[in-house]
Amino acid sequence: MSLGSLITMDEFTIQETRKFPQATGELSSLLRDLGLAGKIINKQVRKAGLADLLGKHGATNVQGEEQMKLDVFANDILIRILKNSTDCAGIASEENDNHVCYEDTYSANSKYVVLFDPLDGSSNIDVNASIGTIFSIYRRVSPLGQPCTEEDFLQPGNKLMAAGYIIYGSSTMMVYATKISVNGFTLEPSIGEFCLSHPNMKVPADGKIYSLNQGNTIKYSEGMKQYLNYCMESNKEEGRPYGHRYIGSMVADLHRTLIKGGIFIYPADKSNANGKLRLQYECNPMTFIVEAAGGKGSSGTGNILDIVPTELHQRTPIFIGSKNMVNKAVEFVKAKEAVS
Ligand code: AHM
Ligand code: MG
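Just so you know, the sequence shown maps onto residues 0 to 339 in numbering that gives the first Met the number 0.
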């Protein structure tokens, strides 16, 4: 494709917004700000090995996890860019204990709040594997003109206005979803713009890949163990045994799932009743994206998007990806729970 025929993410978003006469353009400009943060983070990720950006930062975050230098850099950039944005009332980050309210007049009058995991999959940073930034955008419920409140950030996923991710992989891509579609944009480095490369993304209803940390099997429930056996069992007609792929970076594992189909699971286990992944920073935005693309996300007991959060950093088990595969996995888990 020649440079002249590319559609930039900004052009695309503005064209889409025009379909809704009541739209004010604030959401588009917020997406542009997030894209800008993604470009800056991308620049640092690409030269991390040369710029002394690999390795640990020396501190731990609110969840007791060690922060990497790039985690801290990405978090600072997002907080700063969204503060300068005229369309964001405040943020909540996986790396911060509490939400942050921007108290200047522009921000206090902004109707959106943004939540993010600045650099997901950070254990992959030092080994040069794909990592990503995950974001979600809610319309605030607190009154305009005043600082935002924690309530704005504790909304269920079914209230999301938009969600997306930026993946720093073999190329850099930004994928974002609104309720009506999911579109992917690849960063064209020569012009520094995300350009439409994956229009109207759809998750196939079935897939042939299961993705989870199989090393944890000993801690899984009986239902989960039986589902794993099902995945590994031979059944020519159903295309089993399925292939197993696990990068250990949710963004990367789900980007593959979005394109090729399959299932990604981070279940509850004997040591973690709610699994590992965070509802507000990882599971809600990813489920919103996958559902807008025709797939499904479940906690094993219900839809992820229907969970009403009670705290910012809460966790949930997740089964997400191709609809039929998610239904099957949840069937196994539920059936076993019913008899035990
Ligand atoms: P992080 O937000 O601290 O990077 O942790 C989240 C990551 C996910 O990207 C990934 O799916 C999961 O942790 C991998 O965990 P595990 O190493 O237990 O398999
Ligand atoms: Mg994460």
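For each residue, glycine too, the CB sits at the ideal point set by N, CA and C.
**Prompt:** Which word fits residue 129, buried or exposed, when buried means at least 16 other C-beta atoms lie within 10 angstroms of its C-beta?
**Reply:** As a position in the sequence shown, residue 129 is number 130, starting the count at 1. Counting Cβ neighbours within 10 Å, residue 129 comes out buried, since at least 16 surround it.
**Request:** For residue 279, count neighbouring Cβ atoms within 10 angstroms of its own Cβ and tell me buried if that reaches 16, exposed if not.
**Result:** By 1-based counting over the sequence shown, the position of residue 279 is 280. That one is buried.
**Whole-Å CB distance - residue 163 paired with residue 251, under 8 Å assumed** = Taking the first residue of the sequence shown as 1, we reach residue 163 at position 164. Taking the first residue of the sequence shown as 1, we reach residue 251 at position 252. Actually they do not touch by this definition, with Cβ atoms about 15 Å apart.
**Request:** Kindly confirm or deny that the segment 87–96 and the segment 141–160 touch, where touching means at least three C-beta pairs closer than 8 Å.
**Result:** yes
**Prompt:** Are there 16 or more other CB atoms within 10 angstroms of the CB of residue 217, so buried, or fewer, so exposed?
**Reply:** The residue given as residue 217 occupies position 218 in the sequence shown. That one is exposed.
**Item:** Boundaries (first-last residue) of the beta strand (DSSP E) holding residue 262
**Value:** As a working mapping, residue 262 is identified with position 263 in the sequence shown. Note, residue 262: beta strand (DSSP E), 262–265.
**Message:** Pop quiz: residue 157 and residue 248 are said to be a contact at Cβ under 8 Å. What is the actual Cβ separation, rounded to whole angstroms?
**Reply:** Your numbering for residue 157 matches position 158 in the sequence shown. Your numbering for residue 248 matches position 249 in the sequence shown. Rounded, the Cβ-Cβ distance is 26 Å, inconsistent with contact.
**Message:** Taking only three categories from DSSP, how would you classify residue 282?
**Reply:** The sequence position of residue 282 within the sequence shown is 283, counting from 1. Correct three-state label for residue 282: helix.
**Request:** State yes or no: is the C-beta of residue 275 nearer than 7 Å to some heavy atom of the ligand AHM?
**Result:** Within the sequence shown, the letter at position 276 stands for residue 275. Result yes, Cβ under 7 Å from the ligand AHM.
**Message:** Is the beta carbon of residue 304 closer than 8 Å to that of residue 155?
**Reply:** Here residue 155 corresponds to residue number 156 of the sequence shown, with the count starting at 1. Here residue 304 corresponds to residue number 305 of the sequence shown, with the count starting at 1. Cβ atoms of residue 155 and residue 304: closer than 8 Å.
**Request:** For residue 94, verify whether its CB is less than 7 Å away from any heavy atom of the ligand MG.
**Result:** The count along the sequence shown starts at 1 and reaches residue 94 at position 95. No, the ligand MG has no heavy atom inside 7 Å of this Cβ.
**Asked** On the three-state DSSP scale, how would you describe residue 219?
**Response** Position 220 of the sequence shown, counting from 1, holds the residue named residue 219. Coil.
**Message:** Using only the alpha-carbon positions, how far apart do residue 93 and residue 141 sit?
**Reply:** Along the sequence shown, read from residue 1 onward, the residue named residue 93 stands at position 94. Along the sequence shown, read from residue 1 onward, the residue named residue 141 stands at position 142. Whole-angstrom Cα-Cα distance: 22 Å.
**Message:** Give me the pocket residues for the ligand AHM, defined as CB within less than 5 Å of any heavy atom, sorted by chain position.
**Reply:** 119, 120, 121, 212, 247, 248, 249
**Asked** Alpha carbon to alpha carbon, what distance is there between residue 325 and residue 46?
**Response** Residue numbering aside, residue 46 sits at position 47 when the sequence shown is read from its first letter. Residue numbering aside, residue 325 sits at position 326 when the sequence shown is read from its first letter. Annotation: residue 46 to residue 325 spans about 38 Å, alpha carbon to alpha carbon.
**Simplified DSSP state of residue 153, which is helix, strand or coil** = Here residue 153 refers to the residue found at position 154 when the sequence shown is read from its first residue. Coil.
**Message:** Is any non-hydrogen atom of the ligand MG found closer than 7 Å to the C-beta of residue 280, if you look at the structure I gave you?
**Reply:** Taking the sequence shown and counting its residues from 1, the one referred to as residue 280 is at position 281. Yes, Cβ of residue 280 sits closer than 7 Å to a heavy atom of the ligand MG.
**Message:** Nearer than 7 Å: is that true of the beta carbon of residue 125 relative to any heavy atom of the ligand MG?
**Reply:** Numbered from its first residue, the sequence shown carries residue 125 at position 126. Flag unset: Cβ of residue 125 not near the ligand MG.
**Straight-line gap, residue 331 to residue 306 (C-alpha atoms, nearest Å)** = Counting from one through the sequence shown, the residue named residue 331 turns up at place 332. Counting from one through the sequence shown, the residue named residue 306 turns up at place 307. Cα-Cα distance, rounded: 21 Å.
**Proximity of residue 69 and residue 114 at Cβ, strictly below 8 Å** = Stepping through the sequence shown from its first residue, residue 69 is reached at position 70. Stepping through the sequence shown from its first residue, residue 114 is reached at position 115. In this structure, residue 114 does not lie closer than 8 Å to residue 69 by Cβ.
**Item:** From 300, 292, 316, residue whose alpha carbon lies closest to that of residue 281
**Value:** Taking the first residue of the sequence shown as position 1, residue 281 is located at position 282. Selected option, being the one with the closest Cα: 316.
**Request:** Express the C-alpha separation of residue 37 and residue 194 in angstroms, rounding to a whole number.
**Result:** By 1-based counting over the sequence shown, the position of residue 194 is 195. By 1-based counting over the sequence shown, the position of residue 37 is 38. For residue 194 and residue 37, the distance between alpha carbons rounds to 14 Å.
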